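Below: one structure, written as structure tokens.
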Amino acid sequence: MNDEALSGWRIRLAEKGEQVAFLKDFLKNLFRGGFEWSEFIRQCYEIGYKSFTLVGTTAFIMGLVMAMQLRPTLIGFGAESMLPKSLAVSIVKEIGPVITAIICAGKIASGIGAELGSMKVTEQIDAMEVSGANPMQFLVVTRILATTAMVPLLTLLGDVLGLLGGFLAININGSVSLLLYFNKCIASLGFSDLLPAFIKTIFFGFVIGFIGCYKGYNSNKGTESVGIAANSAVVVASLWIFVIDAIVVQVSNTLIY
Amino acid sequence: MRDLTTKETASDQEHENVLHIKGLKKSFGKKEVLRDINLDVKRGENVVVLGKSGSGKSVIIQCIVGMISPDAGVLQVFGEEVSSLNEKELKKLRTRIGFLFQSGALYDSMTVRENMEFPLMRILKLRNQAEIDKRVEEVLKSVGLFESIDKMPSDLSGGMRKRAGLARTLVLNPELMLYDEPTTGLDPITSREISNLVLQLQKKYKTTSIIITHDMECAAITADRVLVLSDGKFVAEGSFEEVKISKNQFVSSFFK
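Protein chains in written order, with the working numbering: chain A, 213 to 469; chain B, 1319 to 1574.
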């Protein structure tokens, strides 16, 4: 049993080493010439544009439900007017970035993991390598950069639609103009709220792309490994999102307050 | 026919050799897959390697192209020792070698045309679209797949995928072609077509070929020389007809 546990730890440590080597390889290829612009744009479209509906709908419903849940509590304190501020702070600082990232981990990291995993199984990655082409640059660099660029944009969309959902919920039971609502929301947010929230979405995007690519690119050559790559990409990326969230919040609180 | 269980393959005209392998060894964990591989391939030659599934045939060509590092031995391709090449040199060497995978390994997010364009644009760095189109069309016509130029790989049959995979490797005009079981998974008629195509293309593009297979008809059609692999060593070598009448029980079992 002890031997088994020890061997499990060895495997995990070896995997961490492989991840560091993969990161080094990514950085080396990032600064190498011949960037694959057309593939990068295609990936931005696949990753960003095709996630708009899912992220937007989820964020809208989250905002709607949050406002519905918060309203009775705030009314109890006689603080109904604080509803836009509460929604703005919670959505922009925490719920928007984290929910968007978790949705993207589920949709994008698993998609990348499965795609690269199946390319590995069907020897497409090997074919690129033995032909003298650079699969790291074509498949990995483009995908990681695309997620790093698209997740912040998706978060921005999620924040706006989440606030719109909150606006709808407020107007079901009360009445407030859209202009006044958004004025109150924006007034309640400072630069120190927006900057850490934005920075962490960049890290979220990077980790989603990186874990998806790592799991897919390093999957074994069996059919079931495609499923394993997709599944573990979601699990590990989601875990990293919460870890990064905690670190960024702690660091920004230390620096700002 | 020579019995190689006790002899080593000798290279008598070293300068003509495209490939020189001596004492190649490779193990995976405790399993010794290649124990003592000796092989010399001359320019323009079609060499077929026969062997049981899992005997390590594919490992030989994976070593040749640098996908797998051998544990010991000499492995020279075009006079260069593969294990001593750095990343850049290995990449350069690979542009002179074509590798046809068992599955064809077509990039399934790209059309047949884009599959052909991929190596031309990235390896030969061609930018002139007219020249790219000309080369793509020419190679697709030579494998009889021009009508499927804008199809996705998922719309192609098994035989068509192999043809497209073959075209993608030939589009770079490789000097050495490595075929990993080119007829596996195909019906007898398509297998015969692919084997004949391999032979035609070898003559047209003047390539040197190493064909890994356990399909005897493919070996009969394509081989100038046949080598039989067993227990990590070549146990027989000769023309197809010579190997066919071998008294070695293992070798003769292939022809029953």
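No residue lacks a Cβ here, since even glycine has one placed at the ideal position from N, Cα and C.
This one's a predicted model, so the numbers in the text were calculated from it and none came from an experiment.
Would residue 1488(B) and residue 1457(B) be called neighbours here (beta carbons separated by less than 7 Å)?
Position 170 of the second sequence, counted from the first residue, corresponds to residue 1488(B). Position 139 of the second sequence, counted from the first residue, corresponds to residue 1457(B). Yes; because the gap between Cβ atoms is below 7 Å, this pair is in contact.
Where residue 1358(B) and residue 1552(B) are concerned, what is the direct C-alpha to C-alpha distance, given to the nearest angstrom?
For the purposes of this step, residue 1358(B) is taken as residue 40 along the second sequence, with counting starting at 1. For the purposes of this step, residue 1552(B) is taken as residue 234 along the second sequence, with counting starting at 1. A direct Cα-Cα distance of roughly 12 Å separates residue 1358(B) from residue 1552(B).
Report back the beta-carbon spacing between residue 313(A) and residue 363(A) to the nearest angstrom; my notes put them in contact at under 8 Å.
If you number the first sequence from 1, residue 313(A) lands on position 101. If you number the first sequence from 1, residue 363(A) lands on position 151. Yes, they are in contact, since the Cβ atoms of residue 313(A) and residue 363(A) sit about 6 Å apart, within 8 Å.
Report the residue from 300(A), 464(A), 436(A) and 432(A) whose alpha carbon sits nearest the alpha carbon of residue 396(A).
Along the first sequence, read from residue 1 onward, the residue named residue 396(A) stands at position 184. Closest by alpha carbon: 300(A).
Which residues in the same chain as residue 1491(B) place their Cβ atom closer than 8 Å to its Cβ, once the five residues preceding and following it in sequence are excluded?
Here residue 1491(B) corresponds to residue number 173 of the second sequence, with the count starting at 1. Closer than 8 Å at Cβ, skipping near neighbours: 1523.
Under 7 Å, Cβ to Cβ, is there at least one residue of chain A near residue 1413(B)?
Residue mapping note: residue 1413(B) aligns to position 95 of the second sequence, counting from 1. Yes, residue 1413(B) counts as interfacial toward chain A.
Per-residue burial, residue 1328(B) [other beta carbons within 10 Å of its own, 16 or more giving buried]
In the second sequence, residue 1328(B) corresponds to position 10, counting from 1. Confidence at residue 1328(B) is low in this model, with a pLDDT of 43, below 50, so the placement of that residue should be treated as unreliable; the coordinate-derived value is given next. Its Cβ having fewer than 16 others within 10 Å, residue 1328(B) is exposed.
Identify every residue that forms a DSSP beta bridge with residue 1368(B).
Here residue 1368(B) refers to the residue found at position 50 of the second sequence. 1531(B) and 1546(B), per the DSSP bridge assignment.
Have a look at 1413(B), 1437(B) and 1421(B) and flag the residue whose alpha-carbon is nearest the alpha-carbon of residue 1474(B).
Here residue 1474(B) corresponds to residue number 156 of the second sequence, with the count starting at 1. For residue 1474(B), the nearest C-alpha among the options comes from 1421(B).
So, helix, strand or coil for residue 288(A), using DSSP?
For the purposes of this step, residue 288(A) is taken as residue 76 along the first sequence, with counting starting at 1. The three-state secondary structure of residue 288(A), taken from DSSP, is helix.
7 Å Cβ shell around residue 410(A) - same chain, five flanking residues per side excluded:
Within the first sequence, the letter at position 198 stands for residue 410(A). Only 364 meet the Cβ criterion.
Using a Cβ distance threshold of 8 Å, determine whether the segment 216-229 of chain A contacts the segment 319-334 of chain A, with at least three qualifying pairs required.
Flag = no, the segment 216-229 of chain A and the segment 319-334 of chain A do not touch.
Quick check: is the beta carbon of residue 1523(B) nearer than 7 Å to any beta carbon in chain A?
Position 205 of the second sequence, counted from the first residue, corresponds to residue 1523(B). For residue 1523(B), the answer is no, since every Cβ of chain A falls outside 7 Å of its Cβ.
Classify residue 221(A) as buried or exposed, calling it buried when 16 or more other Cβ atoms lie within 10 Å of its own Cβ.
Position 9 of the first sequence, counted from the first residue, corresponds to residue 221(A). By the beta-carbon neighbour count (other beta carbons within 10 angstroms, threshold 16), residue 221(A) is exposed.
Under DSSP, the alpha helix (DSSP H) around residue 322(A) begins and ends at which residues?
Taking the first sequence and counting its residues from 1, one reaches residue 322(A) at position 110. From DSSP, the alpha helix (DSSP H) with residue 322(A) extends over 322-333.
Residue nearest to residue 349(A) in terms of C-alpha spacing, selected from 327(A), 402(A) and 251(A)
Here residue 349(A) refers to the residue found at position 137 of the first sequence. Taking the Cα of residue 349(A) as reference, the smallest distance to any Cα among 327(A), 402(A) and 251(A) is reached at 251(A).
Listing by chain order, which chain B residues have their CB less than 8 Å from the CB of residue 323(A)?
As a first step, residue 323(A) is located in the first sequence; it is residue number 111 there, counting from the start. Near residue 323(A) there are no residues of chain B at all, since even the closest Cβ is about 12 Å away, more than 8 Å.
Considering only residues of the same chain and omitting the five flanking positions on each side of residue 1467(B), which have a CB-CB separation below 7 Å?
Looking up residue 1467(B) in the second sequence gives position 149. By the criterion of a C-beta distance shorter than 7 Å, residue 1467(B) is surrounded in its chain by 1430, 1431 and 1458, once the five residues flanking it on both sides are discounted.
Length of the line joining the Cα atoms of residue 258(A) and residue 439(A)
Looking up residue 258(A) in the first sequence gives position 46. Looking up residue 439(A) in the first sequence gives position 227. Going from the Cα of residue 258(A) to the Cα of residue 439(A) covers about 20 Å.
List, in chain order, every chain B residue whose beta-carbon is nearer than 8 Å to that of residue 336(A).
Within the first sequence, numbered from 1, the residue matching residue 336(A) stands at position 124. Those are 1423, 1424, 1425 and 1426, listed as they occur along chain B.
Kindly indicate the opening and closing residues of the beta strand (DSSP E) around residue 1394(B).
For the purposes of this step, residue 1394(B) is identified with residue 76 of the second sequence, where counting begins at 1. 1390-1395 is the extent of the beta strand (DSSP E) around residue 1394(B).
Hey, quick one: how far does the beta strand (DSSP E) through residue 1340(B) stretch, first residue to last?
Numbered from its first residue, the second sequence carries residue 1340(B) at position 22. Start and end: 1335-1346.
For residue 453(A), is the classification buried or exposed, using 16 other Cβ atoms within 10 angstroms of its Cβ as the cut-off for buried?
As a first step, residue 453(A) must be located in the first sequence, where it is residue number 241. Answer is buried; the Cβ neighbour count reaches 16.
For residue 1388(B), go through chain A and note every residue whose CB falls closer than 7 Å to its CB, in chain order.
Counting from one through the second sequence, the residue named residue 1388(B) turns up at place 70. Under the 7 Å cutoff, chain A gives no residues; its nearest Cβ is about 16 Å from residue 1388(B).
DSSP on residue 446(A), reduced to helix/strand/coil?
Working through the first sequence from its first residue, we reach residue 446(A) at position 234. Residue 446(A): helix per DSSP, three-state reduction.
What residues in the segment 1367-1397 of chain B bring their beta carbon closer than 7 Å to a beta carbon of chain A?
Residues passing the 7 Å Cβ filter: 1383 and 1385.
With H, G and I counted as helix, E and B as strand and the rest as coil, what does DSSP make of residue 1323(B)?
Here residue 1323(B) refers to the residue found at position 5 of the second sequence. Summary for residue 1323(B): the model assigns pLDDT 48, below 50, so the residue's position carries little reliability; its value from the coordinates is reported in the next sentence. The DSSP-derived three-state label of residue 1323(B) is coil.
Could you spell out the range, first to last residue, of the beta strand (DSSP E) harbouring residue 1497(B)?
Here residue 1497(B) refers to the residue found at position 179 when the second sequence is read from its first residue. Looking at the DSSP string, the run of the beta strand (DSSP E) that includes residue 1497(B) is 1494-1498.
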